Structure formats: C-alpha cells, structure tokens
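Protein chains in written order, with our numbering: chain A, 122 to 546; chain B, 30 to 438.
From the three backbone atoms N, C-alpha and C, an ideal C-beta is built for every residue, glycine too.
Keep in mind it's a predicted model, so treat the numbers as computed, not measured.
One structure below.
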Amino acid sequence: MGSMRILALLAVLLALLIAVPPFLDLSWQNALVNVLIASLFALAFNLLAGQAGLLSFGHAAYFGIGAFAALHLMIAVEDGLAFPTPLLPLAGAAAGFLAGLVAGYFATMRSGVYFALVTLAIAELLHSLAPHLAGTFGGEAGISSMRMPWQGIVFGSMLEVYYLTLGWVMLCGLGLWAYTRTPFGRLTLALRDNEQRVLFLGYDAHRAKVVVFAISAMASGVAGSLLAISNETANYSLFATDVSAQVVLQTFVGGSTVFFGPVIGATLFTLFSFLISDLTRSWVFYQGLIFVLVMLFAPTGIGGILYELVRHRRQLDWSRLAWPALQSILGGLLLAGGIVYLTETAAVLFGQDYAMRRSGAAGALPPYELFGIGWEPAGVLTWLLPAVLLLGGGGLLVAGRRQIDGVRGRRSAPAADAAPLGGTP
Amino acid sequence: MHRLAFLAAASAVALAAPAQAEPLKIGIIESLSGAQTSTGRLYANAVEYGVDQINKAGGFNGEPVQVTEYDNAGGAPEAADKFRQAVADGVDIIFQGASSAIAGQLTEDVRKHNIRNAGHEVMFINLGGEAMELTGEKCQFYHFRFTTTAPMRVNALVNAMKADGDLGTKVYSINQNYSWGQDMQKAVEAAADTGGYEVVGEVLHDVNKIQDFAPFVARIKAAAPDTVFTGNWSNDLLLLMKATGDAGLDVTFATAFLDQPGNIANAGKTAIGHYIANNYDNAASDGKFAEDYKAATGHYPIFVEGHSAFALAQLKQALDTLDFGGGEIDVTKIALALEDSTYDSPVGPSSVRKADHQTIRPVVVSKVVENPKYPADDTDMGFQTVKVVPGEDAIYPVQDSCQMKRPGE
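Spelled out as structure tokens, the structure:
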C-alpha cells in the first residue's frame, strides 16, 4: 500500500474525528479522549517494543512522570504563571524525555529479559517511592489542579479537551511515523534485527538505544500529560504495573509489527472497557481471554492480519474465500456466545444474590434471570444451549478454517517479522 | 446499564415535549473489580439496600430513585473516568467508600464540576474515605463524610478502654505509612493527656508489603506497652496480630478494622480480648435493623454495610423534607437539607457538622469474645459491645485548613 494511500486514509479518519464528536454525548466524548491517549501511549511503547525490539515492562513510569510534570505546570498556571494551556503537554514531553535518557541509559545496557526486568524495576521504584514524596507526588491522594482558560477558550467542556487531545495525538502520532522513515528510524529497525551488524557499521548501539528509549519515553510523557489535563489530577497509581501491562496487551493485540497496529489494540481495549465494564463484572476475564486467543492464533495481532490481507488482496481468491470466511466468523460468534453464556451463568450461580435466594428456597435451585430471560438451573435447555453454541460454533470454525487453508493451498503464513511498518516506500 | 437503550431513552425523553417527573439518580463509583472488590461490594450492597428502602416508601419526586453501579477498578484515574460517565448519565448523588485516595479524586472532580456547571451540581457522599484532608484542605460544600475518622476512633477507644480498665498507662502505636496511618499516629499522640497514658513507641511501616512482623513485634516487646494502637487493615493487621501471638506477647490491641470479613477467622483465638472501634456493630443495637437487613439481603450487615445503609436512611430523611413537585431536582437544596438532618441510627443519633460536613456520629467500641450473639466469619468468636461512645464525646474540633465556600457566597 502506497504511503499516499495511507495518508489519504488518515485524512479521512482525521476528518471523521474532527467532525463527529460534537454530535456525540458526553460519555462518548470522554471515551474517545481515552482512546486517543491510549493510542498515543501504545504507539510510543511500540517504538521501543516493536521497532527497536526492546520490550519494556515499565512504561507506566514515563506515562506517570509526564502526567505529574504537566500537573505541576498546571498548578503554576493556576497560581498565575502565563503559560498557554494548550502547550501544557510540552512539560510532559520534556520530563518524559529526561527521565527516558536517565532510565534508558541504565536499562539499555542489557537486552532481552534483563532489559524488561530493569524497566519493571524502575517503574516499581517510582510506584513505591511516590506515595512517600508528598511534595512532588502528593502522597497517595495525588495532586490536582484545574485547567485555566486561554485566549477565550475555557477548557471546561469535554469537547475542548477532546480537540486539544486530538491535536496532540495527531502531532505526536505523525511525528513518530515520520521518525520511522528517517535514517535513524531505519537504524532503530536494524538494532532489533541485527545489533551486531549495527556495531560493525560503526554505530554506537548503546547510544542509539538510549535515544530511541528517550524518544519513546517522551511520547509516553505527552500521553500521560494529556491524561493529566483530562483528569486534572494524578496520583501514584499511574506508576502501577497494571498501567504498564495494559499498554503491552494493547500493543500486542493490535499488532506490534505494523506501525498503526497498536492504535487498533488501544482503541479496541479502551472501547471494550467503556462499553462492557459496567455491564458485567467479568469484563477483565474477557479481556484476558481475547489477549490469549489473539496471541495463540494470530501472533502478529489484529493489525498484522489486516496488513497481510491488504498486502495479498490481489493474490487471494476472494470469491472462494468469502463463504468459508463467513462461516468461520459465524462459528467464532457462536463460540463467543457460548463462552459468554457460561461465564455469566457461573457469575450468577456462584454469586451472592443467588446464594441468598438459595438459602431462601431451602437449598433448592430457584430459577434466575439472565439476558432478560428466565432460566432453570437444572433445566435441559439451560445446558443444551451452551453445548450447542460451543460445539456448533467450534465445528463451524474448524470447518471454515480447513476450507480457507484448502483455498490458500496450505501456504504457510509469511514470517511475522518480515512485515514492514505499514507502507513500504 | 445498556448504553444503547439509555441513548434511545434519553433521546426519546428529549423529544417528548412535557417531560415526566425527574427521578433522583444515584451513582455508586466503587471498587467492583481488582484487589479491593470485597470491600467495594459491601459498600455497593448497602447503598442498594438503602435505595430499596427509599423506593419502598414511594421514591422521590414522584419517581423511584435510580441507582447505577460504576466500577472504578480500585484506581483514582479510572474513578475520574467513571465520574464523567456518571455525569453524562445525569447522576445527582455519588457514593463511594473503599479508598481515601479515590475519595480525594472524586471530591476534587465534584468540586470542579460544580464550579463549571452551576445549576447542575452533583454531590458526593463519602462512606469510607477517612483521610483528614477530605474535611480539611479539600473540604467543600458538596462533600459529606458519613464515617468516622482516626481521632474519633482513637478517642472512643481511649474512652471505653479506660472505663473498662484495659487501657493501661503505656501505649504503643504501629501504623501504615500513609495518610491514614499517620492520622492514627497523630490521634494516639493527641489523646495521651485525656487517656492518661504515655506513648512508649511509634512506628510507621510500608503498606501491605511486610510478610514478617517479627522485628516489629520485638520492638514492641522491648517497649513493654499495655496497649498497642493500630489502624492497620487487611494483611498488615492479620500478620501483626499473628506475629504477636507467636511471640507470646501479652498486649491488648486497639484496632480500627478487626471486623473486616475474614480477619477473625484467620486470626483465630489470638484475636480474643482485642478491641475495635467502628461505626456500627450488630451487638450494639436492638437487632431490628440487623434482622431487616438479613431479610432483604440474606446476611446480617457486616463490616461497612451497617453505617453505609444509615447514610442512605439519613439522606431519606433529608429528602422527606423536600418537594420539587416532580420538576427539576436541585442538588444544592438536597445538600442543605442533609446539613439540617439528624438521623436516629440503631446506635444513636447522627448529624452533619456544617463547618466541614463531617458527621457527628456515635462510635461503637467492641471486644472480641467467644460465643457472642452475632458470630463473625462462621466462627464461634465475634464482637461484644463494650461501650457506645456518643458523637459529642468522640468528635474532634474542625480543622483550621477547612475553608468551606457555601453556595451563594
């Protein structure tokens, strides 16, 4: 796919992102702000993980540092410092960059597992230190401030925050993309593929890695500062491991081998938590299940699959693939339905409310309601339905996959790391 | 909550010209997934119970009160996110309890929201955030604290244990090193004169990270106190008590969270004879509320459920004085009515102190005994009431740092 076409696609997406939000309600605007922030964070993380091949387990550190830096600047603005509100993320960028330089200098001395552990340790260090440094991090309650008006813009409404976020995410996202196309960006890839060769070419690999680390930390800092602007507070929980883990999940589900893959993962997971987290308490389980399934059956992530499809669109026999693909999708949906049904049934049957009703019914199994329908716990239908869903869905999926493999002539999938960064010149 | 259905309903309401009576909307922003789920769930249960009671009596403003649960996953940033979601859903009153840090986040969010959206205020009823700053530096008109704080618990413990002759003259303070533990330590120091004791040692330790309390127990032993005050909760309390038991040290513990579900079962006989000060205990009441609660939910109220349900009952009293005639709900008026309300809870009256919106409330001091009226954790142990300290005796002065701006000022 030519880079012009990618740019055209991005332009359409940008137009939608600018035009649609005013018509959305407050909760969707807020969800989109979160999507944008998560996307930028995942892109920044992937610069290190996907492109430089350095898997960091502690990127929450730079995200959090960016948030606190922006917040301290916001407090100064609140106290009368003349600084334009839209430029607040610069504080996050600067703090993230500096922290990245220092942390990166030590972390990149090692690679692989040892690198991951050093980054994890640095994030944990901040996480346990922050609550005790009340002056900088505000104890466990954190620090808070308020967005100040600038040039007639009040920054009170979610929509204003959204556009501010959109601007910065676009700027940084495109900046990161442009970076991959510079000679140094190419060197980053070379560091991942063959560090020895980089050394022989006369480059200082350690210095290069530090710079990549710092740039990744800088963009993470911007993402963190955008969160600080949106939330107007930050506390030490930003340094927690689950923040670091979340970005890893999002990036790998989205696809770390394709430049914009992490955006897919970030969007998916953020919207998933927005739409599902208040519907069911099992949402974290589903999220984990999605991650495991993607890693097992599509290690290149969703972005990787899409990229493969687009790349081979002319070689693929779409008319013969359409039916088995549809069949597989249907099978997948049935399977998902079966899993959701069983999970939610288990949640009801082992839940507190049901235990109470059981004690009220003298140990018998009273009927319960799920998905707006009444069920009998010992009823045939109650257990026949998930069995049919699981077996039928599984059968359809396996059959569909077999047909797809038949059509594609059992051609082995191209090696994952051969896929370039969306748009070869 | 089906968002699509909600959107459809919202647009239908917007299109239909004469709107129906506006229901009062309550949002529970609680830790419903993650490490603090068990506590978060209890707060949510109690709020749901309280709302059911309001609705059984006819709801408010001609409509049943609506209640929605939002999962903050135990984190302040997620809570901020869910607060915005709640605002988008039109929530009027927010309830939360399972963390001071999250309470701090929410009270700030509420304050900013109300500055920016005058006429569409939201109020926050804090059921469990005990950090002093919530009614100090961060105090504000739309935040109400319906629980005790460290000085109230310590004052009540000192008061009751002294009367019981169990306090002694040497006291040790061991607490977690964050705002709550620091507040406890300060409260123990401050009560030394009235309690007639000397603080023979103080220690602040890491929160929920210590696996072996033996070194701390050795320090306690060296100081030879009569009573050890601790605000520790979860593992920090359990492991501390076990280590003390293993060392064969004979001290009385004065605690704040010994009634957390599972503590008594885990601590076993080591727990016997130790004290706790909390908002409510079934044994301290006539038992009517406990039975009602059990009839509705299947179990006696435990841990934070009792006092959280009372907060709703007090809110109900405030709502009963108001009539918006089915029209728009004015949260400021609800807040003003709540300020004036006094609720006769099963353990005594509770009222709101206008200067900082801390409730003046009774504190129950109990002792762990064998074969109590209400056994804890399916054991043969439980709490026996030593004394119910009335609100006036447990309360502390308003903090100087509280500069509350009242509506219209």
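Within 8 Å (strictly less), CB to CB, does residue i reach chain B?
i, result
"Met-267(A)", "yes"
"Pro-498(A)", "no"
"Asn-151(A)", "yes"
"Ser-148(A)", "yes"
"Met-477(A)", "yes"
"Leu-347(A)", "no"
"Leu-359(A)", "yes"
"Ala-81(A)", "Any property of residue 81(A) remains undetermined from this structure, which presents chain A solely from 122 to 546."
"Gly-260(A)", "yes"
When you compare the CB of residue i with every CB in chain A, is at least one pair closer than 8 Å?
i, result
"Thr-414(B)", "no"
"Glu-137(B)", "yes"
"Glu-231(B)", "no"
"Ala-41(B)", "The predicted position of Ala-41(B) is uncertain, since its pLDDT is 47 and thus under 50; no value can be drawn from it."
"Val-246(B)", "no"
"Cys-431(B)", "no"
"Gly-133(B)", "yes"
"Arg-113(B)", "yes"
"Arg-145(B)", "yes"
"Met-30(B)", "For Met-30(B), the predicted model reports a pLDDT of 44, less than 50, meaning its position is unreliable and no value from the coordinates is stated."
"Gly-69(B)", "no"
"Asp-110(B)", "yes"
"Asp-241(B)", "no"
"Ser-129(B)", "yes"
Exposed or buried, which one is residue i when buried takes at least 16 other CB atoms within 10 Å?
i, result
"Ala-221(B)", "exposed"
"Gly-225(B)", "exposed"
"Thr-206(A)", "buried"
"Asn-317(B)", "It is worth fixing the name first, because residue 317(B) is Lys in this sequence and not Asn. Per the 10 Å Cβ criterion, exposed."
"His-433(A)", "exposed"
"Asn-101(B)", "buried"
"Ile-249(B)", "buried"
"Phe-380(A)", "buried"
"Val-519(A)", "exposed"
"Met-116(A)", "No answer is possible for residue 116(A): the residues shown for chain A start at 122 and end at 546."
"Ile-450(A)", "exposed"
"Gly-174(A)", "buried"
"Trp-209(B)", "buried"
"Pro-330(B)", "buried"
"Ser-379(B)", "buried"
"Lys-396(B)", "buried"
Beta-carbon separation of residue i and residue j under 8 Å?
i, j, result
"Ala-181(A)", "Ala-344(A)", "no"
"Ala-168(A)", "Ala-446(A)", "The displayed chain sequence assigns Leu, not Ala, to residue 168(A). Cβ atoms of Leu-168(A) and Ala-446(A): not closer than 8 Å."
"Gly-444(B)", "Glu-59(B)", "Residue 444(B) lies beyond the stretch modelled for chain B, which goes from 30 to 438, so this question has no answer here."
"Val-76(B)", "Phe-112(B)", "no"
"Phe-166(A)", "Ser-337(A)", "yes"
"Ser-346(A)", "Gly-187(A)", "yes"
"Ala-105(B)", "Ser-358(A)", "yes"
"Val-239(A)", "Arg-231(A)", "yes"
"Gly-213(A)", "Thr-354(A)", "no"
"Val-333(B)", "Leu-61(B)", "no"
"Pro-210(A)", "Trp-289(A)", "yes"
"Thr-178(B)", "Asp-138(B)", "no"
"Tyr-462(A)", "Leu-512(A)", "no"
Indicate, with yes or no, if the ligand FMN has a heavy atom lying under 7 Å from the CB of residue i.
i, result
"Ala-192(B)", "Absent from the structure shown: the ligand FMN. Ligands present: none."
Going along the chain, which unbroken runs of the beta strand (DSSP E) with 3 or more residues stay wholly within the segment 119-202 of chain B?
Segments of the beta strand (DSSP E) lying fully in the segment 119-202 of chain B: 122-125, 152-155, 172-174.
Note down, one range per segment and in chain order, each beta strand (DSSP E) of at least 3 residues found wholly within the segment 47-123 of chain B.
Within the segment 47-123 of chain B, the complete beta strand (DSSP E) runs of at least 3 residues are 54-59, 95-100.
The segment 409-419 of chain A / the segment 482-490 of chain A touching (three or more Cβ pairs under 8 Å)
As far as the Cβ criterion goes, the segment 409-419 of chain A does not touch the segment 482-490 of chain A, which means the pair count is below three.
Is the number of C-beta pairs between the segment 226-240 of chain B and the segment 190-203 of chain B that are closer than 8 Å three or more?
Between the segment 226-240 of chain B and the segment 190-203 of chain B there are three or more C-beta pairs closer than 8 Å, enough to call the two in contact.
Which runs of the alpha helix (DSSP H) spanning at least 4 residues fall entirely within the segment 168-240 of chain A, listed in chain order?
Under the rule that a run must span 4 or more residues, the alpha helix (DSSP H) segments found entirely inside the segment 168-240 of chain A read 181-199, 210-228.
Contact between the segment 368-381 of chain A and the segment 418-437 of chain A: three or more CB pairs below 8 Å?
The segment 368-381 of chain A is in contact with the segment 418-437 of chain A.
Would you be able to state if there are at least three C-beta pairs under 8 Å between the segment 385-404 of chain B and the segment 419-435 of chain B?
The segment 419-435 of chain B, when compared against the segment 385-404 of chain B, does touch it at the 8 Å Cβ threshold.
Do the segment 164-180 of chain B and the segment 146-156 of chain B touch if we need at least three Cβ pairs shorter than 8 Å?
Taking 8 Å as the limit for Cβ pairs, the verdict is that the segment 146-156 of chain B does touch the segment 164-180 of chain B.
With contact counted as at least three CB pairs below 8 Å, one residue from each stretch, are the segment 346-356 of chain A and the segment 222-234 of chain A in contact?
With the cut-off at 8 Å, the segment 346-356 of chain A and the segment 222-234 of chain A do not touch.
State whether the segment 299-312 of chain B contacts the segment 333-344 of chain B, with contact taken as three or more CB pairs (one from each stretch) at a distance under 8 Å.
Contact between the segment 299-312 of chain B and the segment 333-344 of chain B is present, because at least three Cβ pairs lie under 8 Å.
So, do the segment 151-166 of chain A and the segment 316-330 of chain A have three or more beta carbon pairs nearer to each other than 8 Å?
Flag = no, the segment 151-166 of chain A and the segment 316-330 of chain A do not touch.
Which runs of the alpha helix (DSSP H), 4 residues or longer, sit entirely within the segment 252-288 of chain A?
255-258, all fully within the segment 252-288 of chain A.
Decide if the segment 240-256 of chain B is in contact with the segment 266-281 of chain B; the criterion is three or more beta carbon pairs, one per stretch, under 8 Å apart.
Under the Cβ criterion (8 Å, minimum of three pairs), the segment 240-256 of chain B counts as touching the segment 266-281 of chain B.
Taking one C-beta from the segment 185-197 of chain B and one from the segment 248-263 of chain B each time, how about it: are there three or more such pairs within less than 8 Å?
Yes: at least three Cβ pairs fall under 8 Å.
Residue ranges of each beta strand (DSSP E) run of no fewer than 3 residues wholly in the segment 294-374 of chain B, ordered along the chain?
Fully enclosed beta strand (DSSP E) runs of 3 or longer: 304-307, 371-374.
Inside the segment 388-436 of chain A only - alpha helix (DSSP H) runs reaching at least 4 residues:
404-418, 422-432, all fully within the segment 388-436 of chain A.
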